[in-house]
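Report on the following structure.
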Amino acid sequence: MTTASTLQVPYIDLALQHRAIKAELLEAAASVIDSGQFILGPEVELFEREMATLCGVKHAIGVNSGTDALILSLKALGIGEGDEVITAPNSFVASASAIALAGATPVFADVGADYQIDPAAVELAITSRTRAILPVHLTGKPANMTAIMELAAKHHLAVVEDAAQAIAAEHRGRRVGSWGDAGCFSLHPLKTLNACGDGGVVTTNRDDVAEKVRLLRNLGLRTREKCEVWSSNSRLDSMQAAMLRVKLRYLTQWTEKRIANAAYYRRALADVKEVICPSHEAHDKAVYHTFVIQAQRRDELKNHLAACGVQTAIHYPIPIHLQPVAQDLGYKPGSFPQAESQASHILSLPVFPELTQQQLDHVIKSIRQFYQG
Amino acid sequence: MRVPFSYLDRQFANLEDYLADLRAYVPTGDFTLGKPLVEFEKRFADLCGAPYAIGVGSGTDALILSLKAAGVGYGDEVITTTNTFIATVGAIAMAGATPVFVDSEDGFVIDATKIEAAITPRTRAIMPVHYTGNVADMPAIMTIAKKHNLVVIEDACQAIGGQIDGRPVGSWGLTAGFSLHPLKNLNVWGDGGVIITHDEKTFEHLKLLRNHGLINRDEVAIFAHNSRLDTLQAVIGNRLIDQTGFITRRRIEIAQRYDRELGQLAPHVTIPVRRPGVKHVFHLYIVRVERRDELLAHLTKAGVEAKIHYPIPMHLQPAAKHLGYKHGDFPQAEADCRRIITLPAHQHLTDEEVGYVIEQVKAFYGR
């Protein structure tokens with residue numbers, strides 16, 4: 007028995023995305039196999055060049071993951087033991103892990119109503135040990151880079167942009183990843199530009215940072231035989247680079263579709279007073295890796311939507327400073343009121359490019375239905 | 032005739048089966064810690080006779096995460112051999128510890144008789160390397176480790192299938208790290224690695240260490256890396272893992288022929304010691320030769336792709352400056368760097384090609 011009311015809206019549908027371009031992906035994969043060049047080589051170099059152009063920077067360096075992009079950037083900037091790095095508590099844990107794994111101490115600053123790190127809170131968190139600011143362009147919306155770069159200049163701090171969710175996003179007409187000393191992107195399968203596995207990229211305008219990251223991602227090898235600095239192995243697979251180059255051809259189209267989906271939600275939910283849509287600044291281009299609303303009775307809404315066949319997610323229910331891992335950093339509930347309050351109200355709606363009009367309308371209708379009782 | 036060092040074009044001359052696997056796999060979108068990875072881990076564990084295997088980003092990461100899982104970090108010293116690929120040492124440094132070197136022996140693995148002299152109050156672990164596919168003297172190393180209460184992590188990156196008296200690599204240490212790099216005996220189409228362990232607690236810890244320290248989707252126990260073997264690579268691994276028996280057998284067969292025929296060229300060519308009871312899997316086939324650089328040039332000219340693994344030992348690398356070693360500290364490894372040569376010995380060589388390599392070496396020495 008089938009009923010008309012069982013329209014399903016998954017949170018994301020990678021199968022759909024990959025079915026559509028399967029032939030091109032396999033062709034790209036096959037060309038790498040034929041070349042036998044599985045590690046670095048032309049495909050990685052071409053991808054790096056295309057990424058650099060896309061982000062408006064001099065250098066892009068492919069690495070094994072977004073997390074590694076952050077770790078290697080911090081290390082390339084000489085940040086380590088005894089240093090403090092300021093970041094946002096509402097990010098994915100990797101923003102803070104990378105700081106800890108580079109040997110430094112993560113310090114958090116609260117976020118604003120727009121989910122982005124609050125420059126005023128950042129300034130208050132600066133101590134004599136602060137070496138860098140690591141703003142996160144969370145949800146695909148740029149942090150206030152104008153204010154952050156001013157702060158960094160004033161206090162002589164490095165800036166590492168966590169742009170894992172924000173490829174092609176812009177602040178005042180300038181792409182994320184081109185503002186700081188380094189920009190870090192994730193190519194995780196759930197990202198807007200996604201590998202068929204883990205992958206990441208570091209972008210930078212600084213020749214010295216690019217050179218150091220290249221060294222660090224490849225075991226510190228200057229040549230096949232000479233090792234200049236002990237390091238790990240964190241290379242973007244050539245196979246992934248080749249498939250990513252196929253996907254780069256679709257990135258604008260996919261991004262515009264996400265933006266259109268977000269605009270549609272925003273218009274359609276404008277009069278639902280129990281729901282706050284993400285803020286939108288005219289001088290920013292957000293790319294909506296996630297479309298995060300704040301909703302009254304969030305958990306009930308989530309259950310209701312699930313019953314209506316709409317899959318949603320929470321990014322993230324527990325702020326990093328309240329994670330078991332952060333116990334020894336000395337934070338407590340109440341340390342970051344904005345991030346904590348958001349954590350109990352945020353809900354990510356499906357916003358992926360392949361959503362149909364019918365699916366979007368079904369999400370909206372289901373939300374309205376919930377609040378109208 | 033051209034005798035190539037790499038075999039990837041031959042190994043993957045017929046792509047159809049692999050592409051069929053990918054055609055079925057790619058549209059699933061199951062790219063992170065997916066089902067094919069779980070299957071591969073199970074099969075890898077079985078192959079190694081271990082209860083647990085865990086796929087990670089690379090062989091290097093396999094060693095880094097192993098050290099971290101063993102609690103090795105800042106202020107600790109880890110003993111390894113100076114005659115290895117840099118990743119062994121990079122891993123120790125990345126875990127925050129200090130590498131301490133020991134010389135190698137005639138078969139290119141760590142000289143177990145020299146380990147005790149390198150132990151200090153800060154030594155926490157020994158990381159023997161089953162270099163070239165030869166197996167380090169694990170019984171002796173385990174005795175030392177037990178006596179001094181040290182952890183043993185096996186660098187088995189080059190030695191899948193290696194054994195001593197039927198006992199497989201990875202069965203002595205707390206963990207063993209393997210590499211699936213494209214030029215390894217068991218390879219995938221990019222970087223990849225596997226850790227095996229017999230210890231359940233270590234296994235659980237490793238699962239956290241490779242995946243952001245996540246206990247579940249929302250809760251984080253420790254700050255940790257993202258180092259997962261791509262599920263896509265596991266799809267390839269699942270097809271190749273069945274070939275390990277053939278790969279190992281053929282490499283041993285070729286090595287034995289080289290040993291036999293090149294052994295007659297003494298003293299121009301010296302075959303390293305082949306310890307009885309050791310199943311050497313010949314990831315690299317290395318011998319010591321006279322006038323090494325000239326031989327290398329001769330072979331290159333004759334179309335034989337020979338290599339040097341490696342011309343500079345770890346303690347003399349620019350990266351090791353701060354560790355305070357100097358020329359002369361490890362005479363065996365330093366002398367070897369000047370006289371070793373690696374001959375192609377991969378599983379896809381024909382008997383004629385192997386014969387041609389032997390002929391060329393003989394010709395060089397006027398025999």
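Residue numbers (the working numbering), protein chains in the order written: chain A, 7 to 379; chain B, 32 to 398.
Glycine included, each C-beta is placed from N, C-alpha and C at the ideal position.
Please specify which runs of the beta strand (DSSP E), each continuous and at least 3 residues long, are wholly inside the segment 82-118 of chain A, giving them in chain order. 90-93, 111-114
Runs of alpha helix (DSSP H) wholly within the segment 168-201 of chain B (minimum 4 residues, chain order): 169-179
Taking A:A349 as the reference, which of A:G47, A:N96, A:R25 has the closest Cα? A:N96
Proximal residues of chain A, C-beta to C-beta of B:T63 below 9 Å: H194, P195, L196, G203, D204
Would the beta-carbon of A:G186 fall within 8 Å of that of A:E167? yes
Report the neighbours of A:C190 on chain B: residues whose CB is nearer than 7 Å to its CB, in chain order. The contacting residues do not exist; A:C190 stays about 12 Å from chain B at best.
Quick check on B:T262 - is its C-beta less than 8 Å from some C-beta in chain A? yes
Would DSSP call A:S244 helix, strand or coil? helix
Rounding to the nearest angstrom, what Cα-Cα distance links A:T8 and A:L60 in this structure? Any reading at A:T8 needs caution, since the residue's pLDDT is 39, under 50, leaving its predicted position unreliable; the model's value is listed next. So the alpha carbons of these two residues sit roughly 46 Å apart.
Comparing the C-beta of A:R137 with each C-beta of chain B, is any distance below 8 Å? no
When we look at the beta-carbon of A:Q122 and count the other beta-carbons within 10 Å, is it buried (16 or more) or exposed? buried
Sequence-distant residues of its chain with Cβ nearer than 7 Å to A:A301 (five each side left out): E280, V281, L307, H351, L353
Chain B beta carbons: is any one of them nearer than 8 Å to that of A:K28? yes
Bridge partners for A:H177 per DSSP, in chain order? A:R180, A:D290
Do A:A75 and A:G226 count as a contact pair if the criterion is CB distance below 8 Å? no
Close-in-space but distant-in-sequence residues of the same chain around A:G118 (CB under 6 Å, 5 per side omitted): D124
Can the beta-carbon of A:A58 be found less than 8 Å from the beta-carbon of A:T209? yes
Is the CB of B:L39 under 8 Å away from at least one CB in chain A? yes
Enclosing alpha helix (DSSP H) for B:C368 [first to last residue]: 362-370
Give a yes or no on whether the C-beta atoms belonging to A:Y17 and B:D249 are separated by under 8 Å. no
Could you tell me which chain A residues have their CB closer than 9 Å to the CB of B:A243, listed as they occur along the chain? Just to set this straight, residue 243 of chain B is His in the shown sequence, not Ala. Per Cβ cutoff of 9 Å: T73, F98, V99, A100, S103.
Output yes if chain A places a C-beta closer than 8 Å to the C-beta of B:P58; else output no. yes
Below 8 Å on the Cβ atoms is my guess for A:A110 versus A:G86; work out the distance and round it to an integer in Å. 6 Å
Please list, in chain order, the chain B residues whose beta carbon lies closer than 8 Å to that of A:Y322. D249
Taking Cβ positions only, does A:E217 come closer than 8 Å to chain B? no
Distance between A:R272 and B:A122 (C-alpha atoms, nearest Å): 49 Å
Pairwise C-alpha distance: B:H346 and B:R403: Given that chain B is displayed from residue 32 to residue 398, the structure contains no residue 403 of chain B and the question cannot be resolved.
Taking Cβ-Cβ distances shorter than 9 Å, what residues in chain A pair up with B:G355? Those do not exist, as B:G355 stays about 15 Å from chain A at its closest Cβ, beyond 9 Å.
Any beta carbon of chain B sitting closer than 8 Å to that of A:S244? yes
For A:L196, which option in B:D61, B:V388, B:D168 has the closest C-alpha, if you only look at C-alpha atoms? B:D61
Determine, for B:Q348, whether the minimum Cβ-Cβ distance to residues of chain A falls below 8 Å. yes
Reference A:F44; option with closest CA among B:Y38, B:P67, B:G65: B:Y38
Give me, in chain order, the residues of the same chain whose beta-carbon lies closer than 8 Å to that of A:R241; leave out the 5 immediate sequence neighbours on both sides. I45, L46, V50, G68, V69, N70, R223, N224
Could you please give the first and the last residue of the uninterrupted alpha helix (DSSP H) stretch that includes B:G208? No alpha helix (DSSP H) holds B:G208; the beta strand (DSSP E) holding it covers 206-210.
Whole alpha helix (DSSP H) elements within the segment 281-347 of chain A, 4-residue minimum: 304-313
When A:H289, A:D120, A:F114 are compared against A:L130, the one with the closest alpha-carbon: A:F114
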